[in-house]
Structures are given as C-alpha cells and as structure tokens.
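S.K.: Residue numbers (our numbering), protein chains in the order written: chain A, 1 to 92; chain B, 93 to 184; chain C, 185 to 276; chain D, 277 to 368; chain E, 369 to 460.
Every residue gets a Cβ at the ideal spot worked out from N, C-alpha and C, and that includes glycine.
Treat the numbers as computed from the prediction; the structure is a model and nothing was measured.
(1) For residue 147 of chain B and residue 254 of chain C, what's the separation of their Cα atoms in angstroms?
(2) Which bits of chain C does residue 10 of chain A rub up against, with CB to CB less than 7 Å?
(3) Between residue 135 of chain B and residue 266 of chain C, what straight-line distance do the alpha-carbon atoms span, to the nearest angstrom?
(4) Starting from residue 337 of chain D, follow the beta strand (DSSP E) in both directions and report where the run begins and ends.
(5) Less than 8 Å between the beta carbons of residue 262 of chain C and residue 387 of chain E, yes or no?
(6) Helix, strand or coil, according to DSSP, for residue 229 of chain C in the structure here?
(7) Rounded C-beta distance between residue 429 of chain E and residue 349 of chain D? I'm assuming under 8 Å.
(8) Under 8 Å, do residue 302 of chain D and residue 286 of chain D count as touching if we go by C-beta distance?
(9) Please confirm if residue 236 of chain C has its CB atom under 8 Å from at least one CB of chain A.
(10) Which two residues bound the contiguous beta strand (DSSP E) that contains residue 284 of chain D?
(11) Using the beta-carbon count (16 or more within 10 Å), is residue 249 of chain C buried or exposed?
(12) Measure the Cβ-Cβ separation of residue 317 of chain D and residue 108 of chain B and say whether it is below 8 Å.
(13) Helix or strand or just coil, what does DSSP make of residue 40 of chain A?
(14) Pick helix, strand or coil for residue 255 of chain C, following the three-state DSSP scheme.
(15) With a threshold of 8 Å between beta-carbons, can residue 313 of chain D be considered close to chain E, or not?
(16) Please report how far the alpha carbon of residue 284 of chain D lies from the alpha carbon of residue 328 of chain D, in whole angstroms.
(17) What are the boundary residues of the beta strand (DSSP E) that residue 177 of chain B is part of?
(18) Return no unless some Cβ of chain G is closer than 8 Å to the Cβ of residue 1 of chain A.
(19) Step through the CB atoms of chain D and report whether any lies within less than 8 Å of the CB of residue 181 of chain B.
(20) For residue 80 of chain A versus residue 198 of chain C, is the C-beta distance shorter than 8 Å?
(21) The segment 421-449 of chain E: which residues have C-beta closer than 7 Å to a C-beta of chain D, in chain order?
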C-alpha cells in the first residue's frame, strides 16, 4: 500500500460505463510525510476529501476492494489516516 | 490509474491475432497537467484522439476492461478527461 | 520480494471494514543493508517491530499470504530477517 | 504495453523445463523512438529479430498470450511495429 | 523477466510457514551485463549460486513457477544464463 495526499478530483463524461458514479481522485504519493511528484488517480471507497492523507491499494486488489473484479480501476483509497507513528515521535 | 496525454497511434501488421482491430495509441504520462517523458502504449476503449487527456488503467484490469482476460494488452484508455479540479482551482 | 526496514505504524479509524484488526506498518526499502527513500505500507503477518529488517511480498501474493484473495492489501511482511550473507562476508 | 528494441538473445541450458523451446530475447525500452537504459527479457511470440521495434506485454498478460497461465514468463513480444505516427509526423 | 546477478543468501527463522525449505537469494538487477543498484529477493527454483547470472520472473508468475498460487513469493529464479548475445558480439 502507499500513503498518499488527496490533491484533486476528476470529471470525465466520456468513460467506461462501469465507472459511472465512481468518485475519481487525483493523489500525490507521500514519503516521510512529504508530498512527492508521483501522481496517480484512484477510486475513493471511503469518502476522502481534498487535503486528507489516505491509504491506497493498487492492481487487482483495488478492483476487489471496490466490489467487482471486472471494474476498470487499478488503484483505490481504502483508509483515511489518523496518525503515523515512526520511531517514537508522531509524524501527523 | 494514470492521467496521460495521447500523442500518437501505432500500426503493426505482424502481431498476435487477438490484437486485430484494436486501436493502439502512444501515450505520455502527465503530472500536474504537464506531459512527462514516461511513454506507454494502450488500447483505446473510448475513442480518444491525439491531444486528448485520458484515464489509463494497467495490468489485468486493462484486459478485463477490454472485454476478455486473455487479450494480450496490459494498458487501456477507459475515460476522456473533461476537468481536473485540484485544491479550489481548475487545472484544465 | 523486497528487504525493508520497519520504521513506523499507522492508525486509521475510517477504513475498509476488512482491514479491521490488521496491523499496518510503514516500511523503507533497503539496498545493500542501507535504508532508502522508497516508502511503502504493508500488513504485518509475523509480528515485526519497529527497527527490524523484514521480507515483504507485494501484489496478489500479499492478499493470499494474508489469508484471503479479497483483502484490500497489496504488500505484506512474511518474514523477519536474521542474517543476510553476501559474497563471503556477513552484512547483518 | 511498451515499445521496445530487440538488442539480443539469451541461451540458458539450466532452466525451468516449461521454458524449453521458448525464444528469450533481450530488449531495451524505447521512449520517443530512442532506446533507453531500461533492460528486460521477453519471450518472443511473433518471430522478431535483433534490431526490430516491438510491442511488449507484461505480467499475467504475457503468460496468457504465450498460451498457458502456468508458464514462467512475465513479458512477451506480441507485435512487430511498422510505423509509429505521433502528432502528424511519422517517427519511424 | 529480468537478468540479475546472485549476490547473497537470506536466513529468516521467523517467517510464513509455507516459506519453510525455500532458498531465498539476494539479487541485483543487471543492465548491459553490469550489476545495478536495484536489489531484490527471489526464491531459487534451479539451484543458482552466488556470482551466477540468472533469469528472474516476478508477480503471480513467480508463485506458479514455484508450484502453488498461494505461496508468499513474488519473484523466482527460473534459469541460469550461459550466454547473452547482443548485436553480433557475445557479452558473457
């Protein structure tokens, strides 16, 4: 899994029908609490908002987490992070 | 998923028979709305044109989106982007 | 598989229900015994602690190692490293 | 999929028996028609030769393209490129 | 697949039970015959030794090559390289 920051939202009228109703967010991967250049798009399964730090799964795991192995998604938000504790000091 | 820009089209007469009739596009990954060096080839499932920004899935998700788990593709265009909204200001 | 160092622990109240009870650790990939910048999150299946060096599997392998193909995880700790021996001299 | 240049051929007597008779080629990933440093090995399913530009699939897609889901390969050549047209001028 | 050099061996007493008896090697990816910084761990299926150049498969392909889709491995050595011939001159 990856820790990512939600930085945006995508609208796409012309798309695979099974994506209808799916909330697609723009994310940036985080490293040591810092937002990096690495950008990806993920389906939001837990109601995350712009600015929140989230847990993202990818590949076939994302499809299954979203409820069906035939969904055309390969990344999904599966948790909103409260705290990350690393080596005795709290990061967030 | 990735946000990519369609930059080209591929013709290949000698190929796996199941690729017959499949529209193969050359794409560049985008980051923060800017086209990067990262190049990939994807099957077009929604009729995207050169110059358009699209949503691309990869791996086994691409095969299933294209309709069959035995298709020899590992990336597919599943949406054409209208707008990307990031942190209160519209990017496109 | 990857060799990683366990550097932290994640708490997330709002998450996919099937992640309930799953211990999620923050890891850094190691190279030649040195901790790199590459950060990832993995489910802990063997009771690893912060500071330990571990063996991590990813993708669908991680789901199956954790016991169910529908779990929303794509990385899992499957072993705690005692020693790495490289070319006649012991690294750890 | 990736666009790659075929740069070499591999011989390996001691290998998994199911790789017997499989032609293994050394490839370099191309970007914008230029051969990059990224090197990989793929099974050749269409009779490509050294110096040709090809379409390569990876992961479980490669196994299925080669005809069996249990084959120990994770990359396969599935097409030989005639032309790549990008933004109104022919690259090759 | 990747061409890698075997550079080490891993011992881990505390691990997933199904890894019992599995020989885990430390590898470095090769490029153009030169050992790079990219480090990974793979199960050895063909009896490779430290210093040998090998063919490595990853992902679900590795599990199946090792004999069972539920094994907690995502990389496996499936061949020991005799020669790599690139563009009319022998590399090894």
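M.R.: If we stick to the structure as given:
(1) If you take the alpha carbons of residue 147 of chain B and residue 254 of chain C, they lie about 25 Å apart.
(2) By Cβ distance, chain C contributes nothing, its closest Cβ being about 21 Å from residue 10 of chain A, past 7 Å.
(3) 46 Å
(4) Careful: residue 337 of chain D lies outside any beta strand (DSSP E), inside the alpha helix (DSSP H) at 336-341.
(5) In this structure, the beta-carbon distance from residue 262 of chain C to residue 387 of chain E falls below 8 Å.
(6) In the three-state reduction of the DSSP assignment, residue 229 of chain C falls in the coil class.
(7) The Cβ separation is near 7 Å, so the contact holds.
(8) Taking 8 Å as the Cβ cut-off, residue 302 of chain D and residue 286 of chain D qualify as a contacting pair.
(9) no
(10) 278-287
(11) Buried, since its Cβ has 16 or more Cβ neighbours within 10 Å.
(12) no
(13) strand
(14) coil
(15) Interface residue (Cβ-Cβ distance to chain E less than 8 Å): residue 313 of chain D is classified as such.
(16) 11 Å
(17) 175-178
(18) Here chain G cannot be found, since the structure's protein chains are A, B, C, D and E.
(19) At residue 181 of chain B, the pLDDT of 48 sits below 50, so the modelled position is not reliable and the matter cannot be decided from this model.
(20) yes
(21) 423, 425, 426, 427, 428, 429, 432, 433, 446, 447, 448 and 449
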